[in-house]
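One gets the numbering used here by counting positions in the sequence shown from 1 and adding 11 to each. By construction, the Cβ of each residue, glycine as well, lies at the ideal position given by its N, Cα and C atoms. Source: prediction; values computed, not measured. Please read the structure below before turning to the comments.
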Amino acid sequence: MKIKNSHRLPGLFLKIFLLGGLNAFALWSVPVLIANDRFLYAAYVAISTLILDYIFLSSKFVAAKYIMPGVILLVAFQIYPAIYTGYIAFTNFSVGHEFNKQSAIDSIISNSLEPVGDDSILPMRLAKNPEGTLTLLIKESDGNLYAGTSQGIKKLPTNSWSADADGNIQSVQGFSFLSETEEAAALEQLSDYFVPGLEKNVKYRVADFTNVERITPTLRYDSQGDFVENILTGEKYRPNKNGSFVSEAGEELEPGWTARIGLKNLERVIGDERYRTPLVKVLIWTFIYPFLVVILTFFLGLFLALTINHPKIKVKKIYRILMIVPYAMPGVLSILTWKGMLNESYGIVNKLLPGTIPWLSDPWWAKVAVVLVQLWAGTPYMFLIATGAIQALSTEIVEASEVDGASPRQVFWNIKLPLVVIALTPLLIASYAYNFSNFGSIYLLTGGGPVMYDSGGVAGHTDILISYTYNLAFTAGKGRDYGLASAVSFINFLIVAVISIQAFRRSKQMENIN
């Protein structure tokens with residue numbers, strides 16, 4: 012019996028090894044995620060690990076062993092990002108609104124610190140007290156020496172320390188000064204280190220190796236009234252629905268916090284002229300661009316497939332291999348190569364032409380360029396599927412039409428083309444959906460440019476919806492407006508979803524026809 016089942020041992024060892032690695036990863040990552048308040052992620056990793064353990068250690072769930080790993084990865088890397096993007100579309104998540112409210116309050120108070128008095132810079136030495144705790148030895152303007160930590164500050168006896176003629180601290184009884192290396196290491200940890208001052212609301216902050224700065228906050232937060240008050244002027248800043256503290260005069264404190272703002276991002280996209288005008292142009296081009304790419308690549312691929320499939324063409328395999336070369340090359344490399352070839356000044360394409368064409372700098376020629384490059388990259392795919400569709404056609408129908416006196420043109424338009432289109436319609440719709448969000452082909456070749464000047468530099472003439480979303484997320488406004496970009500991405504998702512649903516419906520219709 013042992014000999015019979017010995018062939019199963021390598022697979023068993025491999026399963027135990029992989030499950031052991033998975034469980035080890037879960038045991039390491041779950042506590043880390045919990046410590047960082049990532050409870051949802053921690054729960055997902057733990058539950059997913061338990062499900063996989065149960066399925067793979069049981070002999071009952073054969074089909075689930077193949078399906079469940081893919082489902083878990085699908086949820087983690089496709090479904091959750093889509094849901095989270097939809098959630099962000101209804102928030103103000105952007106530069107200046109990346110924190111929760113308490114973190115924003117702490118940052119506002121911290122940023123309001125200002126020097127106190129004309130002699131705010133004071134001499135200091137870094138040292139360790141008898142217990143080994145890092146301590147700031149601060150010589151105040153009254154001539155006394157104080158030892159301070161984040162917990163408090165105390166005055167040292169006059170006879171317990173000495174200074175040179177310039178007032179530099181030389182020695183302090185019970186304290187050991189840090190070496191230069193230790194000081195350099197300590198300063199990295201003291202960037203946000205504060206020592207309570209001798210007066211109310213006054214603190215000491217490390218300025219450099221030998222000095223501290225006496226500072227005080229100009230703002231304070233009242234937790235009962237939920238407002239921030241300027242200590243010097245008495246002006247109050249109250250929270251609004253957009254995640255910011257705002258005064259009665261409209262002055263806004265930064266940073267704010269992430270808040271749910273409902274449909275305001277969609278209202279900005281549709282109602283704000285700065286976004287609506289370029290969005291309409293981008294949306295029109297987003298529909299035209301994949302349509303042109305699919306139609307041109309399909310007919311060119313079909314033409315090449317019919318030509319190479321002709322009985323009189325010899326060495327068909329060599330031609331087919333040559334046709335697949337563009338498809339086999341990495342897309343990034345191909346597009347960057349074309350970008351260099353289409354360069355207006357030194358590109359080889361312009362050198363071969365009698366005149367100079369501004370392929371990448373003129374709005375219309377840039378659109379021609381992106382379509383041509385995608386035509387070169389997408390034709391091999393259409394050639395492959397068209398070849399398969401042609402070879403699958405019934406020769407009896409074609410021969411019968413020829414016997415009935417149909418010309419080659421009539422055979423193509425009335426028999427071959429309709430049958431190929433019926434077979435490839437789902438793939439053509441899928442190709443349209445793919446090119447609808449083909450970010451790489453646009454971004455790598457033109458970067459969405461040339462720029463639409465009426466868009467404030469956010470949109471370009473070759474931008475499609477997904478590249479326009481990228482610009483909103485990383486180049487518009489203050490630099491990162493994720494909420495607004497997610498709103499546009501949500502619109503893009505809805506459009507692609509409709510196209511995909513149509514593809515599934517067409518697939519079912521094709522099954523009924525077949």
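Quiz item: Cβ atoms of T473 and I502: under 7 Å apart, would you say?
Solution: Stepping through the sequence shown from its first residue, residue 502 is reached at position 491. Stepping through the sequence shown from its first residue, residue 473 is reached at position 462. No, the Cβ-Cβ distance between I502 and T473 is not below 7 Å.
Quiz item: If you draw a straight line from the alpha carbon of P141 to that of Q184, how long is it in whole angstroms?
Solution: In the sequence shown, the residue the question calls residue 141 occupies position 130. In the sequence shown, the residue the question calls residue 184 occupies position 173. Using only the alpha carbons, I get a separation of about 10 Å.
Practice problem: Would you identify the three-state DSSP class for P134, choosing helix, strand or coil? | Solution: On the sequence shown, position 123 is the one that residue 134 refers to. Residue state, collapsed to three classes: strand.
Self-check item: Residue range of the unbroken beta strand (DSSP E) whose run includes K275
Solution: Translated into positions along the sequence shown, residue 275 becomes position 264. Counting along the chain, K275 falls outside any beta strand (DSSP E), though it belongs to the alpha helix (DSSP H) covering K275 to G282.
Quiz item: For the candidate residues S255, Q402 and S190, whose alpha-carbon lies nearest to that of K139?
Solution: Sequence index remark: in the sequence shown, residue 139 carries index 128 (1-based). Cα-wise, what sits closest to K139 is S190.
Quiz item: Given I119, which residues of its chain have a CB within under 8 Å of its CB, disregarding the five upstream and five downstream residues?
Solution: Residue mapping note: residue 119 aligns to position 108 of the sequence shown, counting from 1. Excluding sequence neighbours, I119 sits near L230, Y232, V239, F256, L264, E265 and P266.
Practice problem: May I have the straight-line CA-CA distance separating E210 from Y479, to the nearest angstrom? | Solution: As a first step, residue 210 is located in the sequence shown; it is residue number 199 there, counting from the start. As a first step, residue 479 is located in the sequence shown; it is residue number 468 there, counting from the start. Cα to Cα, the separation comes out at about 54 Å.
Quiz item: Would K150 be called buried (16 or more neighbouring beta carbons within 10 Å of its own) or exposed?
Solution: Position 139 of the sequence shown, counted from the start, is the residue given in the question as residue 150. Its Cβ being crowded by 16 or more others within 10 Å, K150 is buried.
Quiz item: What are the boundary residues of the beta strand (DSSP E) that includes G163?
Solution: Locating residue 163 in the sequence shown gives position 152, where the first residue counts as 1. Run containing G163: G163 to K166, per the beta strand (DSSP E) assignment.
Quiz item: Which one or two residues does DSSP pair with Y232 in a beta bridge?
Solution: On the sequence shown, position 221 is the one that residue 232 refers to. For Y232, which the question treats as bridged, DSSP gives the partners V239.
Quiz item: Under three-state DSSP, which class holds A174?
Solution: Numbered from 1 along the sequence shown, position 163 holds the residue referred to as residue 174. It is a strand residue.
Exercise. Find the nearest neighbour of D153 within the set T169, T160, S161 and Q162, judged by alpha-carbon distance.
Key: On the sequence shown, residue 153 is found 142 positions in, with the first residue counted as 1. Of the candidates T169, T160, S161 and Q162, the one whose C-alpha sits nearest the C-alpha of D153 is T169.
Quiz item: Alpha carbon to alpha carbon, what distance is there between S70 and G22?
Solution: On the sequence shown, residue 22 is found 11 positions in, with the first residue counted as 1. On the sequence shown, residue 70 is found 59 positions in, with the first residue counted as 1. Roughly 14 Å separates the two Cα atoms.
Exercise. Just tell me which of F28, N103 and G459 has its CA closest to the CA of D492.
Key: Translated into the one-based positions of the sequence shown, residue 492 becomes position 481. Comparing Cα-Cα distances from D492 to each of F28, N103 and G459, the minimum goes to N103.
Quiz item: So what does DSSP say about R491, is it helix, strand or coil?
Solution: Taking the sequence shown and counting its residues from 1, the one referred to as residue 491 is at position 480. Correct three-state label for R491: coil.
Quiz item: If you draw a straight line from the alpha carbon of L505 to that of Y95, how long is it in whole angstroms?
Solution: Numbered from 1 along the sequence shown, position 494 holds the residue referred to as residue 505. Numbered from 1 along the sequence shown, position 84 holds the residue referred to as residue 95. The alpha-carbon atoms of L505 and Y95 are separated by roughly 15 Å.
Quiz item: Which one or two residues does DSSP pair with S187 in a beta bridge?
Solution: Against the sequence shown, residue 187 aligns to sequence position 176. Answer is K139, bridged to S187.
Quiz item: CB-CB under 8 Å to S448, same chain, minus the five flanking residues each way: which ones, in chain order?
Solution: Sequence index remark: in the sequence shown, residue 448 carries index 437 (1-based). Same-chain partners within the cutoff: I475, L476, I477, N503 and V507.
Self-check item: CA nearest to the CA of V423, picked from K76, L438, Y330 and F314
Solution: Here residue 423 refers to the residue found at position 412 of the sequence shown. In the sequence as displayed, the identity of residue 423 is Phe instead of Val. Closest by alpha carbon: F314.
Self-check item: Under 7 Å between C-beta atoms of K328 and I319
Solution: Along the sequence shown, read from residue 1 onward, the residue named residue 328 stands at position 317. Along the sequence shown, read from residue 1 onward, the residue named residue 319 stands at position 308. It is not a contact, given that the beta carbons lie outside the stated cut-off.
Quiz item: Roughly how many whole angstroms lie between the Cα atoms of S195 and L137?
Solution: Along the sequence shown, read from residue 1 onward, the residue named residue 195 stands at position 184. Along the sequence shown, read from residue 1 onward, the residue named residue 137 stands at position 126. Here residue 195 turns out to be Ala, not Ser, going by the sequence shown. Each residue's Cα considered, the two are about 10 Å apart.
Quiz item: When the Cα atoms are used, what is the spatial distance from A496 to A444?
Solution: Here residue 496 refers to the residue found at position 485 when the sequence shown is read from its first residue. Here residue 444 refers to the residue found at position 433 when the sequence shown is read from its first residue. Distance between the alpha carbons of A496 and A444 is about 20 Å.
Practice problem: Leaving out five residues on either side along the sequence, give the residues of the same chain with a beta carbon under 8 Å from the beta carbon of F67. | Solution: Mapped onto the sequence shown, residue 67 falls at position 56. Closer than 8 Å at Cβ, skipping near neighbours: K26, L30 and K76.
Quiz prompt | Pick from S105, I332, G312 and K325 that is closest to A400, judged by C-alpha positions | solution = Residue numbering aside, residue 400 sits at position 389 when the sequence shown is read from its first letter. That would be G312, whose Cα lies nearest to the Cα of A400.
Quiz prompt | Terminal residues of the alpha helix (DSSP H) in which V409 lies | solution = Here residue 409 corresponds to residue number 398 of the sequence shown, with the count starting at 1. Taken as a continuous stretch (DSSP letters only), the alpha helix (DSSP H) holding V409 covers T406 to V414.
Quiz item: Which residue comes first and which comes last in the beta strand (DSSP E) that contains P207?
Solution: If you number the sequence shown from 1, residue 207 lands on position 196. Run containing P207: F205 to P207, per the beta strand (DSSP E) assignment.
Self-check item: Among V86, P92, G467 and L63, nearest to D283 - alpha-carbon criterion
Solution: What you label residue 283 is simply residue 272 of the sequence shown in a count that begins at 1. Answer by Cα proximity: G467.
Quiz item: Does the count of Cβ pairs from the stretch 331-339 and the stretch 382-400 closer than 8 Å reach three?
Solution: yes
Quiz item: If you draw a straight line from the alpha carbon of P126 to that of G178, how long is it in whole angstroms?
Solution: The residue labelled residue 126 in the question sits at position 115 within the sequence shown. The residue labelled residue 178 in the question sits at position 167 within the sequence shown. P126 and G178: Cα-Cα distance of roughly 22 Å.
Quiz prompt | Residue nearest to I180 in terms of C-alpha spacing, selected from V414, G107 and A158 | solution = If you number the sequence shown from 1, residue 180 lands on position 169. The candidate whose alpha carbon is nearest that of I180 is A158.
Quiz prompt | Given G460 as reference, the closest of G416, I281, V106 and P289 once Cα atoms are compared | solution = Locating residue 460 in the sequence shown gives position 449, counting from the first residue. Considering only alpha carbons, the answer is P289.
Quiz item: Got a sec? Which residues, its chain only, sit under 8 Å from G451 by beta carbon, not counting five neighbours each side?
Solution: Numbered from 1 along the sequence shown, position 440 holds the residue referred to as residue 451. If we look at G451 and ignore the five residues flanking it on each side, its Cβ neighbours are G342, V343 and I346.
Practice problem: Decide if the stretch 266-277 is in contact with the stretch 96-115; the criterion is three or more beta carbon pairs, one per stretch, under 8 Å apart. | Solution: yes
Quiz item: Cα separation between I440 and A434?
Solution: For the purposes of this step, residue 440 is taken as residue 429 along the sequence shown, with counting starting at 1. For the purposes of this step, residue 434 is taken as residue 423 along the sequence shown, with counting starting at 1. The straight-line gap from Cα to Cα measures roughly 12 Å.
Practice problem: Tell me whether P365 sits in a helix, a strand or coil according to DSSP, three-state version. | Solution: To locate residue 365, count along the sequence shown from 1; it is residue 354. If DSSP states are grouped into helix, strand and coil, P365 belongs with coil.
Practice problem: Check whether the Cβ atoms of I164 and G494 lie closer than 7 Å to each other. | Solution: In the sequence shown, residue 164 corresponds to position 153, counting from 1. In the sequence shown, residue 494 corresponds to position 483, counting from 1. Taking 7 Å as the Cβ cut-off, I164 and G494 do not qualify as a contacting pair.
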